[in-house]
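Note sheet for the following structure.
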Amino acid sequence: MLQAIRPGMTRALRRSLFVGASGLAVALSLGVGAAAAQTAAQSAPQQDEATEIDEVVVTGFRASLNASLDAKRRDANVIDVITAEDIGDFPDLNLAESIQRVPGVAIDRDAGEGRSITVRGLGSDFTRTRINGMEAQATAGGTDSSGGANRGRGFDFNVFASELFNSITVRKTAAAETEEGSLGATVDLQASRPFDYKDGFTGAFSAQGGWNDLSEQYNPRMALLLSNTFGANDEFGALISVAYSERDLLEEGFSSVRWAPAVGTNSSGGFASAGSNATAFALANQNSVFIPRLPRYGRLTHEQERLGITGALQWRPATSTVLSLDVLYSSLDATRQEDFLQALSFSRNAAAGGQPQVTVQDAVVQDNMLVYGLFNNVDIRSESRFDVLSTDYLQVSLTAEHDFSDRLRGRFYYGRAESNFENPIQTTVTLDRNNTQGYSFDFRGDSNAPVINYGFDVTNPANWEWRASTAAVPRSEIRIRPNGVDTLFDSAQADFEYDATDWLTVKAGVNWKTYSSESYEFRRADETVVPVLPAGTTVADISNLLTGFGGGLISGSTPSNWVRPDLNAIASLFNIYCNCNTGVPGGDFTLTSITNGNARGGNRIIEEEDLAFYLQADWDTDLFGRPFRGNVGVRQVNTQLNATGYSSTGGGTLVTGENEYDNTLPSLNISYEPVDDLIVRFGVASVMARPQIGNTLAGTNYLVPTTSLAASGPNYTASIGNVKLQPFEATTYDFSVEWYFAPESLLSFAYFYKDIDTYIQIVRQDLAYSDLTALNPSAFAPGFCTGTCSPSTIFQLTAAVNTEGGPLKGFEVSYQQPFTFLPGPLQNLGVQLNYTHVESEIDYCSNALCTTFVTADLINLSPESWNATLYYEDDRFSARVSGAFRDGYIQNVPGRNGNSIEGKMETFNLDASASYNLTDDLELTLEALNLTDEENHQFVGDGADRQSTSVYHHTGRQFYLGARYRF
0 MLQAIRPGMT RALRRSLFVG ASGLAVALSL GVGAAAAQTA AQSAPQQDEA
50 TEIDEVVVTG FRASLNASLD AKRRDANVID VITAEDIGDF PDLNLAESIQ
100 RVPGVAIDRD AGEGRSITVR GLGSDFTRTR INGMEAQATA GGTDSSGGAN
150 RGRGFDFNVF ASELFNSITV RKTAAAETEE GSLGATVDLQ ASRPFDYKDG
200 FTGAFSAQGG WNDLSEQYNP RMALLLSNTF GANDEFGALI SVAYSERDLL
250 EEGFSSVRWA PAVGTNSSGG FASAGSNATA FALANQNSVF IPRLPRYGRL
300 THEQERLGIT GALQWRPATS TVLSLDVLYS SLDATRQEDF LQALSFSRNA
350 AAGGQPQVTV QDAVVQDNML VYGLFNNVDI RSESRFDVLS TDYLQVSLTA
400 EHDFSDRLRG RFYYGRAESN FENPIQTTVT LDRNNTQGYS FDFRGDSNAP
450 VINYGFDVTN PANWEWRAST AAVPRSEIRI RPNGVDTLFD SAQADFEYDA
500 TDWLTVKAGV NWKTYSSESY EFRRADETVV PVLPAGTTVA DISNLLTGFG
550 GGLISGSTPS NWVRPDLNAI ASLFNIYCNC NTGVPGGDFT LTSITNGNAR
600 GGNRIIEEED LAFYLQADWD TDLFGRPFRG NVGVRQVNTQ LNATGYSSTG
650 GGTLVTGENE YDNTLPSLNI SYEPVDDLIV RFGVASVMAR PQIGNTLAGT
700 NYLVPTTSLA ASGPNYTASI GNVKLQPFEA TTYDFSVEWY FAPESLLSFA
750 YFYKDIDTYI QIVRQDLAYS DLTALNPSAF APGFCTGTCS PSTIFQLTAA
800 VNTEGGPLKG FEVSYQQPFT FLPGPLQNLG VQLNYTHVES EIDYCSNALC
850 TTFVTADLIN LSPESWNATL YYEDDRFSAR VSGAFRDGYI QNVPGRNGNS
900 IEGKMETFNL DASASYNLTD DLELTLEALN LTDEENHQFV GDGADRQSTS
950 VYHHTGRQFY LGARYRF
């Protein structure tokens with residue numbers, strides 16, 4: 000097993016690639032001061048007032064903000080831009096945390112750093128990401144509570160360091176020339192190229208040391224950039240940039256793996272009346288009372304390293320032609336160990352030795368939650384899980400730009416982007432203690448961090464058991480679940496522009512791309528069957544002690560130390576990674592996939608081929624003597640889908656489905672300047688987003704036309720895929736007013752309305768097996784319901800269906816200004832603020848036939864979000880404080896285990912950074928991230944009053960100290 004932990008083995012090797020460099024933002028910032036002014040001068044609006052703004056000479060962070068404003072002002076569409084130093088100098092760990100500074104953008108975090116984004120209330124499945132001009136997808140693994148491995152269409156931004164890119168553009172309105180596939184926004188990530196730098200040779204490096212106050216670990220963060228141009232006329236250029244970082248942190252807190260009714264539908268069978276206190280039993284044992292399914296405290300130990308490399312070669316054989324070759328590589332390698340001390344009984348039924356054996360001695364109910372309980376006969380478990388996680392991303396693209404004449408231009412590219420996520424080790428082992436007396440939990444003092452008394456000394460190995468296959472249930476477990484996801488994009492595009500007149504440009508193009516996503520998973524046939532300990536071996540030999548848990552988090556009798564399984568010792572003792580039957584009872588560690596009902600759903604292939612054509616007219620003229628710009632066009636796209644998976648019939652039957660659909664997508668964007676420095680914009684478009692592949696968080700398959708059936712208990716479930724799902728479709732309207740009232744300044748208001756005509760949602764319904772048979776006689780044949788299953792056994796059926804959707808509307812307000820009008824040093828202050836409000840009304844089906852509905856917000860939509868940055872910058876010293884707030888939001892509707900919803904609570908993250916220029920080329924830097932030590936707080940509830948905590952974890956504050964050098 001130790002040999003398999005590759006990330007730990009590679010650190011020394013990867014460190015040797017550097018002599019100490021980090022913060023590539025320094026390198027990128029080399030070009031911002033000069034390049035921003037040059038870019039502004041080259042492409043500034045013709046009005047005198049705009050020219051004055053663009054000619055203001057500023058440096059550093061202000062230069063990047065000014066360049067971003069200038070790009071936003073010049074574009075005919077509604078966009079927001081972050082330029083190089085804006086990214087590099089924000090105190091951000093990765094791209095997601097950089098993008099959250101854009102109005103309307105909010106992020107979701109995993110392990111304390113940004114992973115995915117939401118734009119104007121629409122989550123990652125509705126947002127398309129392009130890298131160096133081509134659509135791409137990066138996938139990574141995550142904790143179970145964050146959705147686990149990404150098996151959908153969303154982009155995991157934590158794969159990339161922000162230092163690798165010199166600009167990010169968020170396109171909020173659609174145009175015919177922009178590829179389809181987004182309801183929210185298209186995010187363009189652009190890496191540096193040698194022709195971006197006008198001074199020939201450019202180089203920079205920086206190094207930082209990081210420290211986390213929870214893990215108390217130090218980590219390096221390094222980067223390097225080298226760029227140069229060659230030839231008599233600088234017609235050749237080459238660039239390479241490298242960014243490397245390590246991150247060791249702890250994640251600690253409470254979780255419950257959701258709450259469920261104490262008795263009745265969606266419960267584990269209710270408490271035992273015999274032996275219970277009659278009053279307490281009557282109070283607790285009600286279908287309207289929800290109990291924590293797996294109340295537990297836990298520590299997650301994350302070790303992560305990220306390596307990114309970009310390379311670019313450019314050739315200008317003539318003034319009319321530029322060829323560019325871009326290469327991007329990124330790897331994110333990590334290990335994660337999860338240690339939990341938990342009460343098992345409340346999530347298990349009678350057949351599993353669970354809740355029906357538990358007696359209630361005392362109980363308090365508040366807001367339909369059992370907030371205090373004292374119990375006997377509770378099964379306690381110490382669980383350890385270890386993951387090895389690796390993502391490798393490689394993209395190669397070739398772009399040719401050529402001017403055929405002074406009126407006709409063309410751009411052509413071909414690219415290939417591949418993301419390979421592997422989770423080769425995902426192993427869980429447990430120690431158990433059955434029928435414990437005097438167990439209690441108490442949420443009355445703190446609903447997020449209850450006091451838990453386990454009723455025995457959890458630090459003594461003698462109080463724990465290794466419950467082999469010969470013991471009664473529940474038994475100890477060895478789960479081995481390697482899995483992975485491979486995604487591949489191939490894309491080719493040709494674009495032509497023709498200047499029909501001095502104010503009208505006609506554009507036309509074709510785009511072809513293929514997308515494939517292939518996932519796999521393996522498991523043991525029976526994870527609850529384990530060998531007996533050899534003679535002379537005790538629990539003390541296969542365990543160790545977790546210590547120092549919960550500083551500042553736990554209270555009362557909640558233990559800070561406990562015995563946990565020693566995974567290395569257990570793996571060595573039983574040879575669990577042999578992928579074989581060791582020959583001893585309980586020692587079959589053979590891994591299977593398609594034939595294994597528990598792993599089968601993780602094996603599937605999605606293949607798409609898309610072909611699109613567009614025609615667009617751009618104009619730039621005057622209307623009533625004032626600047627008037629815009630574009631109008633139409634995009635026609637054909638999508639062909641092939642989905643392959645394996646159904647439960649016959650122990651793994653190959654199932655293939657196909658779908659094809661066409662979309663006509665007209666669009667219009669108008670930009671008008673009625674008075675100097677005031678721009679009014681309007682946009683309308685038909686847009687589409689292709690169906691999700693699946694919802695890992697909800698455990699639901701969307702597209703693959705398979706059925707699954709778990710008929711052996713204790714949890715009876717079934718699912719049906721739907722390859723004929725139609726894409727999300729919407730008509731979008733945008734109106735904005737932008738006032739550039741002073742140099743480097745903006746006050747803007749934007750209103751947006753999206754009429755979502757076609758939506759896709761999960762339907763979860765409790766049905767008798769006989770009803771499943773009527774729904775699909777072959778997949779749910781009577782012969783598959785044996786043993787404890789009968790025609791009247793209730794199954795939870797999940798499926799995805801098209802529904803009508805509903806409206807989404809909201810507004811954004813932005814304000815940005817340097818305070819140059821203030822006296823003295825105060826003139827070096829400045830501010831950047833934005834606020835977003837979003838509303839939606841989606842009718843969610845509440846039964847399988849969609850005859851009844853519940854109206855709720857769109858999934859992942861936060862009604863309110865805002866960002867604020869206060870900065871100071873003079874010739875030597877620069878400092879910033881940035882705050883980001885995101886309102887609570889829904890993650891699943893309907894929720895699991897009888898809950899109406901699942902969601903996340905609001906978050907506020909506060910970051911700061913400072914730098915001091917010792918010389919013109921050498922700079923000292925200090926960054927502080929997550930100063931509020933914000934918690935990941937997830938809940939389940941009834942959509943009204945009850946919000947039951949399912950996750951409450953924190954990761955600590957992060958600090959970086961270092962230096963940057965330019966040459």
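Under numbering that gives the first Met the number 0, the first residue of the sequence shown carries the number 0, and numbering increases by one thereafter. All residues carry an ideal CB built from backbone N, CA and C; glycine is no exception. Because the structure is a prediction, the values reported are computed rather than measured.
Can you list, in chain order, the residues of its chain with a C-beta nearer than 6 Å to that of residue i? Leave out the 5 residues immediately preceding and following it.
i: D587; result: N580
i: T504; result: E496, D498, D617
i: F253; result: Y296, A448, Y951
i: K808; result: Y752, E838
i: I858; result: I889
i: I451; result: F440, T557
i: S475; result: T429, D431, W465, R466, V529
i: F442; result: V370, P449
Along the chain, where does the beta strand (DSSP E) that runs through residue i open and close?
i: K171; result: Per DSSP, K171 belongs to no beta strand (DSSP E) and is neither H nor E.
i: I678; result: 677 to 688
i: L223; result: 217 to 229
i: E659; result: 652 to 674
i: D69; result: That residue, D69, is in no beta strand (DSSP E); its alpha helix (DSSP H) goes 59 to 73.
i: F876; result: 876 to 885
Under the assumption that residue i contacts residue j (Cβ atoms under 8 Å), give the Cβ distance between them as a whole number of angstroms.
i: R1029; j: S144; result: This structure leaves residue 1029 out entirely; the chain is present only between 0 and 966.
i: V158; j: T390; result: 5 Å
i: S912; j: V853; result: In fact, because the Cβ distance is near 44 Å, the residues do not count as touching under 8 Å.
i: N286; j: T264; result: 7 Å
i: Y123; j: F154; result: The sequence as given places Ser at residue 123; Tyr does not occur at that position. Sure, about 6 Å apart at Cβ, within 8 Å.
i: R246; j: N218; result: 6 Å
i: T970; j: E421; result: There is simply no residue 970 to check, as the chain begins at 0 and stops at 966 in what is shown.
i: G804; j: D756; result: 6 Å
i: N149; j: T142; result: The pair is not a contact, with the Cβ atoms about 12 Å apart (cut-off 8 Å).
By a C-beta neighbour count over all protein chains shown, 10 Å radius and 16 as the cutoff for buried, is residue i buried or exposed?
i: D79; result: buried
i: L766; result: buried
i: E134; result: buried
i: E502; result: Looking at the sequence shown, residue 502 is not Glu but Trp. Exposed is the call here.
i: E872; result: buried
i: Y750; result: exposed
i: S777; result: exposed
i: N935; result: buried
i: Q826; result: exposed
i: Q615; result: buried
i: G372; result: buried
i: K512; result: buried
i: V674; result: exposed
Looking only at its own chain, which residues have a Cβ that is under 8 Å from the Cβ of residue i, when we skip the five neighbours before and after it?
i: G353; result: S267, G268, L343, S344, F345, S346, R347, D378, P473, P713
i: D886; result: S861, P862, E863, S864, E905
i: S789; result: Y768
Could you confirm whether any beta carbon from chain C is found closer than 7 Å to the beta carbon of residue i?
i: G549; result: Absent from the structure: chain C. Only one protein chain is present.
Is any non-hydrogen atom of the ligand GTP found closer than 6 Å to the C-beta of residue i, if you look at the structure I gave you?
i: G535; result: Of ligands this structure carries none, so the ligand GTP is not represented either.
Going along the chain, which residues of its own chain have a beta-carbon closer than 7 Å to the beta-carbon of residue i, five neighbours each way excluded?
i: T177; result: R170, T185
i: A333; result: P6, H301, E302, Q303, L388
i: F748; result: S735, V736, F810, V812
i: Y519; result: N482, G483, S592, G601, N602
i: Q41; result: Note that Q41 has pLDDT 35, beneath the 50 cutoff, so the model's placement of it is unreliable and the number below is only indicative. For Q41, where only same-chain residues beyond five positions count, there are no Cβ hits under 7 Å.
From which residue to which residue does the alpha helix (DSSP H) around residue i run?
i: F495; result: Where F495 is concerned, there is no enclosing alpha helix (DSSP H), although the beta strand (DSSP E) it sits in stretches over 482 to 498.
i: A95; result: 94 to 98
i: A279; result: 277 to 283
i: S769; result: 768 to 774
i: I569; result: 566 to 573
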